[in-house]
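Encoded as structure tokens, the structure appears first; notes follow it.
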Amino acid sequence: MPVPCRRDCGKNAVLKRPKTGDALCKECFFWAFETEIHYTITKAQLFNKGDSVAIGASGGKDSTVLAYVLKTLNKRYNYGLNLLLLSIDEGITGYRDDSLETVKQNRDDYEMPLKILSYKDLYGWTMDEIVAQIGRKNNCTFCGVFRRQALDRGAAMLDVKCIATGHNADDIAETVLMNVLRGDIARLKRCTSISTGSEGTIPRVKPLKYTYEKEIVMYAHYKKLVYFSTECVFAPNAYRGHARALLKDMEKIRPSCIMDIIYSGETMSVKEQVSLPTQRICSRCKFVSSQEVCKACVLLEGLNKGLPKLGIGKSSKAKKMLEEYNSKQINNESELEVAVKDLNNVSDVTVDKSKGLCRNKKNTNKENDVDKCNKNNCCGGTCKSNAKNVDPAVSNKKLNMLLEQYGLEEQTTVNHPNNQDKEKVNGSHTPENSDDEEPAQNGDDEDDTCSSACGRLGSLQIGF
Amino acid sequence: MICKKCASPMAVILRKKDHYCENCFILSTNHKFRACIGKNKVLSPNENVLICLSGGVGSAVLLDLVHHGISLENNKKLRIVPHFIHLFDDNVPEVSDAILKKCQKYNFDIYFVHLSDYLNNNTQLPEVNQIVALKEDDKIKFTRLLNCMPSTAANDYLLKVKRHLFIKYAKQLNCSAIFTAETTNTLAINLLCNLAIGRGSQVQNDVGFCDVRDEKVKILRPMKDISKEELDYYVKIKKLVSITRTNVKSNSLQSAISSFVSDLQQNFQSTISTVCKTADKIGDYEEDKASGKCVICKSALFTKDMKLSALEATNISKTVSLGNMNFQQDLENNSELLNILENNSNNSMFPLINKYLCYGCSRNHSEMSKPELLQIG
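If you're matching them up, the sequences are chains A and B in order.
Quick note, the first sequence lines up with residues 22 to 485 if you use this note's numbering.
Quick note, the second sequence lines up with residues 823 to 1199 if you use this note's numbering.
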């Protein structure tokens, strides 16, 4: 039996809204959906007239709907915003390559300029390569941390006032649960705010904060929006999955619980005596961090040193790992010295053949191929000490090239694997600094380990 | 395998890896209980304390710990004057009998109060050790009240009913403190439940060591550092009797969270302690700023100034889902859209909120099929 629309428009309802339980027809649903987002934007004063706003676009349903709705509202209510799309290419074969096609489609459909940044360019590693190092567990940590910083970098390049992300109500409720389960009080405190970002950083806003995922799926479906709906190939092992499973079970029992969890997060306060990390600037890359060295730099350092687990788990373990690594380095260096001595004294070429080869390879890579240097790192400690032998002029050339390309401060490129030699000289003590506190609190700004990139399979059959 | 502390043969394995002998284990459990009371410094010597017994494992151990504490004759003697109470309903009558027997064994007196006493405003203290049933009227009314709401709301409401009764009888007995027997496990589950029903701002009182919502009577949770796992061993070693019954209605948020936490604990042994540590860090509200108290849960009504919260967002959702075409026209022709939306804001989603009820209780109220039974407002 058809149910009439609650708004007395004479049409039959097509869906029951999970937030309020009201049945609406298609047209009325569109209007209600958009008006609510408009209310959120105006009430929370997310944008100012004339702002340039980058929309974090993954090609998934949330960001596609966000881009579409922002475009619609911008025109309807005369926000006067200059909207751009910003995508991050994590380098995940079979997932991101396909979804970026969708983003390109969005760019054409919504007539917005699109900027794509890749992990490969920014960090020298694709997610595929990272997963090959770290394995199927913990890889979302890398992806999430890198994406957050990549978005900041992209926004700086585009010179925008803020970044709008497609986080929906389900994502936020899920994050609240996850942070409670992980005991991450700092993130728990800030994860429900609609706008995040301290002074000097580009704020993130979440216009879809109070919008249910189900409604987003319905909206995209009825509006026939093109979006990409494959789950990230690496996501199934993420810890977030537990929180998500719980939330889905709870939503079935009491759909309002998503709003209730968000309300809990909003009204909850943290005891004064609990010390929270203060946000500052990473001493290496100059992006926002809660530590001396930001999580992204620690993770990258780990990858480049062949210690991929460096930034994961307890800081004490990371410290131990680094100590072992450093002592190995010293050993290697002394070995090398002996070898060099041998070379000079006896001129016996065969003594250190393997090392010599390795060094040659390294040098060639340094000059020719930015990306292959990862492979060098894989040979771990042995060839590492040779990196010192690289002509500093060569790496400076690279540095200048990167500077031109990204137009960021010089320090930012210290991150890049190409500058290991430099890092080794002036940064050999820095990783220890970063390990004084729980790595869980290392994170910078937000906390989605996976939500914005891993477009989930949205169920379309929700109607009644 | 040997005990971690004294090298005698082990009898207890905690967290799948820590071995203890019976003696060391009982000592450490006792210590946890006493340390929890001691370090919080809320009790003065010879204070009257109302001890709430449900008949489950937790209260069986609490009873034993209290008995042990007050029977000591050295400087470690637990200096409280205990009074005991059990709230019962008609579902499982054998529980009351079992508790009565147990208390007689320890030589304690206990009061039995029926849950439906909640509807009764001025009740005299019942006779000790007597299980007296209340008026049938009240019972029927109380059952109807619980049955007119979904299981999630009913579970939550029942907790508030019990809290009210404990405080009421504590006052009658001149007690300034109440002991309840929630374990780490229960509190971890309660924290998540609190979040799930919009009671995030009440976590400190609902899950922390001390509930200070009542000016005269504090509710203390001295077993908060003891896990269910430890209780089971304690009961086994001391050969205590307990009646386990789930008083949580199934197909509710509480039951879903409870099974989720237990499952996760199996794979991640630190889940429960992590959740409880999080709970310890949440709290501190400026109570004096509160405009009043919720008539059901007695929590401060939330007045923190927020531009926009899930409460307003839900109300606006309701408004736009109900507004007819004229309303839409009005909105689109008017630039003062915010004002129109807010002036027309539909409050039916949250009845009586911030006047009589807090967010969580108001949500429960909105789900009741016969809200008039509550007689509020």
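Glycine included, every Cβ here is placed at the ideal spot set by N, Cα and C.
Where residue i meets chain A, residues with beta-carbon distance less than 7 Å
i               : result
L1123 (chain B) : Simply none; closest approach about 11 Å.
Q1150 (chain B) : W52
N1073 (chain B) : I274
L995 (chain B)  : Within 7 Å Cβ-Cβ: nothing; L995 (chain B) doesn't reach chain A, min ~32 Å.
K1140 (chain B) : T41
G1114 (chain B) : Per Cβ cutoff of 7 Å: no residues; G1114 (chain B) is ~16 Å from chain A at best.
A1018 (chain B) : M271, C278, D281, I282
Closer than 7 Å at the beta carbon, the chain B residues around residue i
i              : result
H263 (chain A) : L1086
I62 (chain A)  : Those do not exist, as I62 (chain A) stays about 10 Å from chain B at its closest Cβ, beyond 7 Å.
Classification of residue i by the beta-carbon crowding that lies within 10 angstroms, buried from 16 upward
i               : result
V1063 (chain B) : exposed
A857 (chain B)  : exposed
R275 (chain A)  : buried
N440 (chain A)  : Annotation note: pLDDT 41 at N440 (chain A) (below 50); position unreliable, no value reported.
T1006 (chain B) : buried
V903 (chain B)  : exposed
P438 (chain A)  : With a pLDDT of only 44 at P438 (chain A), under the threshold of 50, the placement of this residue in the model should not be trusted; the figure read from the coordinates follows. It counts as buried.
V950 (chain B)  : exposed
P915 (chain B)  : exposed
N1073 (chain B) : exposed
A829 (chain B)  : exposed
R1067 (chain B) : exposed
Q1087 (chain B) : buried
G891 (chain B)  : buried
N200 (chain A)  : buried
G42 (chain A)   : exposed
G1200 (chain B) : Absent from the structure is residue 1200 (chain B), since the part of chain B shown begins at 823 and ends at 1199.
D192 (chain A)  : buried
R157 (chain A)  : exposed
H905 (chain B)  : buried
M823 (chain B)  : exposed
Where the beta strand (DSSP E) through residue i begins and ends
i               : result
A75 (chain A)   : 73 to 77
I835 (chain B)  : 834 to 836
F910 (chain B)  : 902 to 910
E1240 (chain B) : Residue 1240 (chain B) falls outside the range modelled here, since chain B spans only 823 to 1199, and no answer is possible.
K1040 (chain B) : 1040 to 1042
D840 (chain B)  : 840 to 842
Continuous alpha helix (DSSP H) stretch holding residue i: start and end
i               : result
Y940 (chain B)  : Run containing Y940 (chain B): none; DSSP gives neither H nor E here.
I7 (chain A)    : Because chain A is modelled from 22 through 485, residue 7 (chain A) falls outside the range shown and cannot be assessed.
S1188 (chain B) : 1181 to 1188
C164 (chain A)  : 160 to 179
I151 (chain A)  : 148 to 155
Q869 (chain B)  : Correcting the residue identity first, residue 869 (chain B) is Glu in this sequence and not Gln. E869 (chain B) -> not in any alpha helix (DSSP H); beta strand (DSSP E) instead, spanning 869 to 874.
I1059 (chain B) : 1050 to 1060
M239 (chain A)  : 234 to 243
L884 (chain B)  : 879 to 893
I1065 (chain B) : Unbroken run through I1065 (chain B): none, as it is neither H nor E.
E1134 (chain B) : 1132 to 1144
A34 (chain A)   : Careful: A34 (chain A) lies outside any alpha helix (DSSP H) and carries neither H nor E.
A1078 (chain B) : 1075 to 1089
K1099 (chain B) : 1093 to 1103
Proximal residues of chain A, C-beta to C-beta of residue i below 9 Å
i              : result
A780 (chain B) : Not covered by the structure: residue 780 (chain B). The range shown for chain B is 823 to 1199.
Where residue i meets chain B, residues with beta-carbon distance less than 8 Å
i              : result
L202 (chain A) : L1086, T1093, T1096, V1097
Beta-carbon neighbours of residue i, restricted to chain B and to distances below 9 Å
i              : result
R6 (chain A)   : The structure shown does not extend to residue 6 (chain A), since chain A spans only 22 to 485, so no value can be given for it.
I109 (chain A) : By Cβ distance, chain B contributes nothing, its closest Cβ being about 29 Å from I109 (chain A), past 9 Å.
*Enumerate, from N- to C-terminal direction, the unbroken beta strand (DSSP E) stretches of 3 or more residues contained entirely within the stretch 968 to 1032 of chain B.*
Listed in chain order, they are 999 to 1001.
*At 3 residues or longer, and completely inside the stretch 182 to 210 of chain A: list those beta strand (DSSP E) runs for me, N to C.*
Listed in chain order, they are 183 to 185.
_Segments assigned beta strand (DSSP E), at least 3 residues, entirely inside the stretch 249 to 291 of chain A_ = Segments of the beta strand (DSSP E) lying fully in the stretch 249 to 291 of chain A: there are none.
*Do the stretch 987 to 1003 of chain B and the stretch 1090 to 1110 of chain B meet, that is, are 3 or more Cβ pairs less than 8 Å apart?*
The answer is no - the stretch 1090 to 1110 of chain B does not touch the stretch 987 to 1003 of chain B, with fewer than three Cβ pairs under 8 Å.
*Mind listing, in chain order, the continuous alpha helix (DSSP H) runs of no fewer than 4 residues lying wholly within the stretch 77 to 114 of chain A?*
Whole alpha helix (DSSP H) segments, 4+ residues: 82 to 97.
*Enumerated in chain order, which unbroken segments of the alpha helix (DSSP H) with a length of 4 residues or greater are wholly contained in the stretch 303 to 356 of chain A?*
Entirely contained in the stretch 303 to 356 of chain A, the alpha helix (DSSP H) runs reaching 4 residues are, in chain order, 316 to 325.
*Evaluate the contact criterion for the stretch 179 to 197 of chain A versus the stretch 316 to 328 of chain A: three or more CB pairs, one atom per stretch, below 8 Å.*
The stretch 179 to 197 of chain A makes no contact with the stretch 316 to 328 of chain A; the number of CB pairs closer than 8 Å stays below 3.
*asked:* Pairs of beta-carbons, one from the stretch 159 to 177 of chain A and one from the stretch 197 to 214 of chain A, closer than 8 Å: are there three or more?
replied: Fewer than three pairs of CB atoms, one per stretch, sit closer than 8 Å, so the stretch 159 to 177 of chain A makes no contact with the stretch 197 to 214 of chain A.
*Tell me the start and end of each unbroken alpha helix (DSSP H) in the stretch 113 to 142 of chain A that is at least 4 residues and wholly inside, in chain order.*
The qualifying runs are 117 to 131.
*Should the stretch 40 to 58 of chain A be called in touch with the stretch 232 to 251 of chain A, which here means at least 3 C-beta pairs below 8 Å?*
Because the criterion of three Cβ pairs below 8 Å is met, the stretch 40 to 58 of chain A and the stretch 232 to 251 of chain A touch.
*Below 8 Å, can you find three or more Cβ-Cβ pairs linking the stretch 918 to 925 of chain B to the stretch 935 to 949 of chain B?*
Touching, no, given that fewer than three Cβ pairs across the two stretches are closer than 8 Å.
*asked:* Pairs of beta-carbons, one from the stretch 73 to 91 of chain A and one from the stretch 307 to 323 of chain A, closer than 8 Å: are there three or more?
replied: With a cut-off of 8 Å, the stretch 307 to 323 of chain A and the stretch 73 to 91 of chain A do not count as touching, because too few Cβ pairs lie within range.
*Inter-stretch contact (C-beta, 8 Å, three-pair minimum) for the stretch 1018 to 1025 of chain B and the stretch 277 to 289 of chain A*: With the cut-off at 8 Å, the stretch 1018 to 1025 of chain B and the stretch 277 to 289 of chain A touch.
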